[in-house]
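In the numbering used here, the protein residues as written are 1 to 390.
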Ligand code: SF4
Ligand code: F3S
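What follows is the structure, encoded as structure tokens:
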């Protein structure tokens, strides 16, 4: 392990927990107490964390605060050494600014700067940090200054990462994400609206114990954002089966009511939110792409409109329909072969998830017009299943 820390918690083990997701317990809970012990044994102690807010709704701090197990107090005491936060610290005014300045002075190239919220470059007074020597301190100017002395900068939430809602069209404040402003220091983007507490804490722990995490072309840690929501969505069966919800809140795949899961990278299906209680699609709401770089504009807008033209990272221009057709074509070929084999062996229908019939009953789709003959394996499959359920 780097940093001379004993082999209490290897990077391989840490990454395995991150990649697996932790729907049944938070990442921090799974790794405590070995994580706490590894952090305690760090030479020189844990590096301090400074948390600055720009144009934000404070949702990412609240998301961290919602971490029930471990509690916020455990996170702050056992895992990160949070020295400055407008929301969580007691001092205010000049005393708070003194804490900020002394932390930077005593921990140059060592502290980690967390930024929540965007940087309003076109209207700096939209986010200020109070006054120093009679002058207002704009966050848009303070962040690059602090970043120049930091070991790394972590942009938490979509506003800090990519501008997000606070930089949405028409963006009167000229808000931008941190990576567009900070140069010369590593920036890690942890998007989401809000970011999952595991994404935030996991990224900080990785930097502290093992150095910078592996990131994609949008600087997002691949341990949390390496796969599409669609990849592990429990409704993929309905997607492949052509069972689409007709309205938000309906059963079936939510693609036609605007789901952005096929173009959004995040591990929500396995990690889930609120200590593994639920997540967007499980609550019958389409993924609105809150971790995507163009959220809430671009390919994620309008939220309840079916995907049209979309940019698929990294930098491939295509349409969601093309992606869907390509996936469907490959799947259809596989389904076609499986379909023929299943018909021959009489196995067909035995492997359907038990909820399928409930979904059908809950959302009957009226037949309109005369069915046409088709050799499309997906259509054949659907027709065969309809006949079986009549
Ligand atoms: Fe799940 Fe959305 Fe993909 Fe449908 S389109 S399978 S609801 S992620
Ligand atoms: Fe956001 Fe979609 Fe996950 S809306 S929280 S990326 S399911």
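For glycine and all other residues, C-beta sits at the position ideal for the given N, C-alpha and C. Every value quoted in this text rests on a predicted model; they were computed, and no experiment measured them.
Could you pull out every unbroken alpha helix (DSSP H) segment of at least 4 residues lying fully inside the region 227-255, listed in chain order? Segments of the alpha helix (DSSP H) lying fully in the region 227-255: 236-241.
Nearest to residue 51 by CA position, among 73, 83, 63, 77, is which residue? Out of 73, 83, 63, 77, 83 has the C-alpha closest to the C-alpha of residue 51.
Does residue 175 pass the burial test, meaning 16 or more other C-beta atoms within 10 Å, or should it be called exposed? Residue burial annotation: residue 175 is buried, with at least 16 other C-beta atoms found within 10 angstroms of its C-beta.
Identify the continuous alpha helix (DSSP H) that holds residue 85 and give its terminal residues. Annotation: residue 85 is outside any alpha helix (DSSP H); the continuous beta strand (DSSP E) that includes it extends over 81-85.
What residue range is occupied by the uninterrupted alpha helix (DSSP H) comprising residue 95? First-last of the alpha helix (DSSP H) with residue 95: 93-106.
How long is the line joining the alpha carbons of residue 142 and residue 171, rounded to whole angstroms? The C-alpha of residue 171 is placed about 21 Å away from the C-alpha of residue 142.
Proximity to residue 271 [Cα-Cα], best of 235, 196, 222, 264: Among 235, 196, 222, 264, the Cα nearest to that of residue 271 belongs to 196.
Taking the beta strand (DSSP E) that residue 181 belongs to, which residues open and close that run? Annotation: residue 181 is outside any beta strand (DSSP E) and is labelled neither H nor E by DSSP.
Confirm the yes/no value for this check: CB of residue 161, any heavy atom of the ligand GDP, distance under 7 Å. Within the structure as shown, the ligand GDP is missing, the only ligands being the ligand SF4 and the ligand F3S.
Would residue 161 and residue 191 be called neighbours here (beta carbons separated by less than 8 Å)? Residue 191 is positioned such that its CB atom lies closer than 8 Å to that of residue 161.
Over what stretch of residues does the beta strand (DSSP E) that includes residue 152 continue unbroken? Where residue 152 is concerned, the enclosing beta strand (DSSP E) stretches over 152-156.
Report buried or exposed for residue 41, applying the criterion of at least 16 other Cβ atoms within 10 angstroms of its Cβ. In this structure residue 41 is exposed. Its beta-carbon is surrounded by fewer than 16 other beta-carbon atoms within 10 angstroms.
Rounded to the nearest angstrom, what separates residue 107 and residue 166 at their Cα positions? As the crow flies, the alpha-carbon of residue 107 is around 31 Å from that of residue 166.
Cutting at 8 Å between CB atoms, please list the residues of its own chain near residue 361, excluding the five before and the five after it. The predicted model places residue 361 with a pLDDT of 32, which falls under 50 and marks its position as unreliable; any figure quoted below should be read in that light. If we look at residue 361 and ignore the five residues flanking it on each side, it has no Cβ neighbours.
Can you tell me whether residue 224 is helix, strand or coil according to DSSP? It is helical.
Run the CB neighbour count on residue 71, radius 10 Å, all protein chains shown included, and call it buried at 16 or more, exposed below. Exposed: under 16 other Cβ atoms inside 10 Å.
Could you tell me if residue 105 is buried or exposed, where buried requires 16 or more neighbouring beta carbons within 10 angstroms of its beta carbon? Exposed: under 16 other Cβ atoms inside 10 Å.
For residue 48, report the span of its beta strand (DSSP E) as first-last. That run of the beta strand (DSSP E) goes 48-53.
Element boundaries [beta strand (DSSP E), containing residue 70]: Unbroken run through residue 70: none, as it is neither H nor E.
Between which two residues does the beta strand (DSSP E) harbouring residue 144 extend? Counting along the chain, residue 144 sits inside no beta strand (DSSP E); it lies in the alpha helix (DSSP H) bounded by residues 139-147.
Check the DSSP bridge columns for residue 273 and list the partner residues they point to. In DSSP, residue 273 forms a bridge with 278.
Could you tell me if the beta carbon of residue 233 falls within a distance shorter than 7 Å of some heavy atom in the ligand SF4? Yes - the ligand SF4 has a heavy atom lying nearer than 7 Å to the Cβ of residue 233.
Let's see if you can read the secondary structure: which residues bound the alpha helix (DSSP H) around residue 219? Per DSSP, residue 219 lies in no alpha helix (DSSP H) segment and is marked neither H nor E.
Tell me whether residue 264, by its Cβ, gets closer than 7 Å to a heavy atom of the ligand F3S. Checking the 7 Å criterion, the Cβ of residue 264 is within range of a heavy atom belonging to the ligand F3S.
Assuming contact is defined by CB atoms lying nearer than 8 Å, are residue 229 and residue 268 in contact in what I supplied? Their beta carbons are under 8 Å apart, which means residue 229 touches residue 268 by this criterion.
Ordered along the chain, which non-local residues of its own chain (more than five positions away) have a Cβ less than 6 Å from that of residue 186? Contacts found: 152, 212.
Find out if the Cβ-Cβ distance for the pair residue 208, residue 47 is shorter than 8 Å. At a Cβ-Cβ threshold of 8 Å, residue 208 and residue 47 count as neighbours.
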